[in-house]
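Read through the structure below, which is laid out as structure tokens, and then see the notes.
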Amino acid sequence: MTTIAKLAPLWSTMFLLGACSKGVSTDDLLQPNSGGAMTVSESSRHAFSRPATNLSVAQRGEFFIGNAFFNSPWVVAPASAGARDGLGPLFNARSCDACHNNDGRGQPPATELEQPVSLVIQFATSTPGDNDEPQADPNYGVNFNPFAIGGVAAEGKLRIRHREIAGTYADGKPYTLLAPEYSFEELAYGELAADTKLSPRVAPSVFGSGLLEAIPEEQILERNDPEDADKNGISGRPNRVWDPLVNRAVLGRLGWKLNQPDIAHQTAAAFSSEIGMTSSFRPQEICMPVQTACAQAPTGGQPEISKEIFDHMVTYQRMLAVPVRRNLDAPEVKRGAQLFLESGCESCHRATFKTANVEGQPWLSGQTIHPFTDMLLHDMGEDLADGRADFAASGSEWRTPPLWGLGLQKKVNGHTRLLHDGRARDASEAILWHGGEGERAKEAFRNLSQQDREALLKFLDSL
Numbered sequence: 033m034t035t036i037a038k039l040a041p042l043w044s045t046m047f048l049l050g051a052c053s054k055g056v057s058t059d060d061l062l063q064p065n066s067g068g069a070m071t072v073s074e075s076s077r078h079a080f081s082r083p084a085t086n087l088s089v090a091q092r093g094e095f096f097i098g099n100a101f102f103n104s105p106w107v108v109a110p111a112s113a114g115a116r117d118g119l120g121p122l123f124n125a126r127s128c129d130a131c132h133n134n135d136g137r138g139q140p141p142a143t144e145l146e147q148p149v150s151l152v153i154q155f156a157t158s159t160p161g162d163n164d165e166p167q168a169d170p171n172y173g174v175n176f177n178p179f180a181i182g183g184v185a186a187e188g189k190l191r192i193r194h195r196e197i198a199g200t201y202a203d204g205k206p207y208t209l210l211a212p213e214y215s216f217e218e219l220a221y222g223e224l225a226a227d228t229k230l231s232p233r234v235a236p237s238v239f240g241s242g243l244l245e246a247i248p249e250e251q252i253l254e255r256n257d258p259e260d261a262d263k264n265g266i267s268g269r270p271n272r273v274w275d276p277l278v279n280r281a282v283l284g285r286l287g288w289k290l291n292q293p294d295i296a297h298q299t300a301a302a303f304s305s306e307i308g309m310t311s312s313f314r315p316q317e318i319c320m321p322v323q324t325a326c327a328q329a330p331t332g333g334q335p336e337i338s339k340e341i342f343d344h345m346v347t348y349q350r351m352l353a354v355p356v357r358r359n360l361d362a363p364e365v366k367r368g369a370q371l372f373l374e375s376g377c378e379s380c381h382r383a384t385f386k387t388a389n390v391e392g393q394p395w396l397s398g399q400t401i402h403p404f405t406d407m408l409l410h411d412m413g414e415d416l417a418d419g420r421a422d423f424a425a426s427g428s429e430w431r432t433p434p435l436w437g438l439g440l441q442k443k444v445n446g447h448t449r450l451l452h453d454g455r456a457r458d459a460s461e462a463i464l465w466h467g468g469e470g471e472r473a474k475e476a477f478r479n480l481s482q483q484d485r486e487a488l489l490k491f492l493d494s495l
């Protein structure tokens, strides 16, 4: 074991030098202003909730209007606060902030019996629709809703158990991963269809979304390599999703499987399936035919969210800043950046983009940003697969999540849970869950010495 521990770092470097991204240096990985001019010097629990520094006075006013609607709870109709009523009848959360607390990441329930709020279960049958969109379960729709307004039965209860998986680093240090297992109890509307697939997904952070939305498509497609032509083991590809507003398939940019084209569609989908409220994007209530009490419940108008309020909330998300990097001069962080590059992590977690010139949104335009995502899908192996296709994304493909703000997550959100379902309890576990196209990077990390593993994690903490 002693011999293996001594040789492991050398083996890792020799094996993966060819996986380094061409033309990328450690300097590219150590830029302080991740959001360009939209970067703020903030490291408190409000680090993800600040307006961009390059907003005008009038734009800041619009930011705070959207902020108020994003954070305040919606209420059951009819209510005296007519602009805020229409919650449900079935729902997961009462506000956007309940899932994206402080504009950050959600997490799975803390106990086995606690019902999820910032983790949702999405359904789909095995046969997609006409435009390859996932098809809803006939009794429970596209989302499992564990809560309901008075007079309507909630859909049921979710129970999450965990199975321990033991592993060992090359230097002999043991680790344990938690594999979640999901089951439903007290289902109110019959059984799920036999071919329904389920996908657990925690709410992603929303800060910086405007910048991701503003990346030119041609930059994203620079690393489109579905056949792995460069033989580096990475075959990222875009998702193409149906946009009913333009009546064609467009590039997917947001969501765990890149299944939404922009912030407006993402926001409308969350309102519809998770808060139970209609918008001009999604004007229909989501009650399934068997859910008769749901269909008969009073509504908050048609649509329940006015276009003015909806637009404020979308603009608010586009104006959210990105926190500045920290500790970039620390030797460990610099060493970790080199290891991040040598291990092939930057092949998917792309360091740098430049945003387009966005009409009417000058604060987003022409920014050099460092989100550490390639905005592409990757096959992450069977251990992370949910089996649920989502437009062009297969059941084992996931988007590369942005890493900016990673080191502030615990301070902002009070936890360090990662991956699409929050199964990883910290960054090291997230790496160790990598399979498929991420297998080589995982093995590089697993074979590092403890000192080098800690350096790489220090680098991630600087993000």
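For the sequence shown, the numbering used here begins at 33 and goes up steadily by one. C-beta atoms are modelled at their ideal positions from N, C-alpha and C, and glycine is treated no differently.
Between F216 and N134, the C-beta gap is not smaller than 8 Å, which leaves the two residues out of contact.
As computed with DSSP, W430 is found in a beta bridge with H410.
For L219, the secondary structure class from DSSP, reduced to helix, strand or coil, is coil. By the C-beta criterion, the stretch 65 to 74 is judged not to be in contact with the stretch 321 to 341, since fewer than 3 inter-stretch pairs fall below 8 Å.
Under the 8 Å Cβ criterion, the stretch 441 to 448 does not count as touching the stretch 463 to 483, having fewer than three qualifying pairs. At the C-beta level, L464 and L209 come within 8 Å of one another. Contact between the stretch 428 to 436 and the stretch 396 to 410 is established, with three or more Cβ pairs separated by less than 8 Å.
Counting the other CB atoms within 10 Å of its CB gives I197 a total below 16, which places it among the exposed residues. Taking a contact to require three or more Cβ pairs closer than 8 Å, the stretch 408 to 422 and the stretch 385 to 398 do not qualify as touching. Pairing N103 with S88 gives a Cβ-Cβ distance that is not under 8 Å.
The shortest C-alpha to C-alpha distance from A424 to any of L451, G268, E469, P236 is the one to G268. Scanning its chain for C-beta atoms nearer than 8 Å, with the 5 sequence neighbours on each side dropped, one finds around L489 the residues G368, A459, S460, in chain order. Shown here for G182: same chain residues with a beta carbon closer than 8 Å to its own, the five before and five after excluded, namely V108 in chain order. Taking 4 residues as the shortest admissible run, the stretch 426 to 470 contains the following complete alpha helix (DSSP H) segments, listed from N- to C-terminal end: 441 to 445, 459 to 464. Each residue's CA atom was taken as its position, placing A246 and V390 some 7 Å apart. Among the bridge pairs identified by DSSP, K229 is matched with A156. Residue burial annotation: P293 is buried, with at least 16 other C-beta atoms found within 10 angstroms of its C-beta.
For W288, the secondary structure class from DSSP, reduced to helix, strand or coil, is coil. Counting along the chain, K490 sits inside no beta strand (DSSP E); it lies in the alpha helix (DSSP H) bounded by residues 482 to 493. When R137, A476, S494, S158 are compared, the shortest CA-CA separation from P363 is found for S494. If you look at E245, you'll find it in the alpha helix (DSSP H) that goes 241 to 245. Bounds of the beta strand (DSSP E) holding V282 are 280 to 283. D59 counts as exposed, since fewer than 16 other beta carbons sit within 10 angstroms of its beta carbon. For H194, the uninterrupted beta strand (DSSP E) run begins and ends at 189 to 200, by DSSP. For A180, DSSP records a beta bridge to L122.
In this structure, D260 keeps its C-beta atom at 8 Å or more from the C-beta atom of I252. Inter-residue distance for A202 and E374 is about 18 Å (C-alpha atoms, whole angstroms).
The C-beta distance from P121 to A329 rounds to 4 Å, short enough to fall under 8 Å. About 44 Å separates the Cβ atoms of N359 and W274, ruling out a contact at the 8 Å cut-off. Per the C-alpha coordinates, the member of N264, K289, A300 positioned closest to D343 is A300. Taking 8 Å as the cut-off, the Cβ atoms of S397 and N264 do not count as close. DSSP, read as helix, strand or coil, puts Y348 in helix.
L243 sits away from Q139, with the two beta carbons spaced by 8 Å or more. By the CB criterion at 8 Å, G413 and S428 fall inside the cutoff.
Around the CB of K474, 16 or more other CB atoms lie within 10 Å, so the residue is classed as buried. Less than 8 Å divides the Cβ of D117 from the Cβ of G332.
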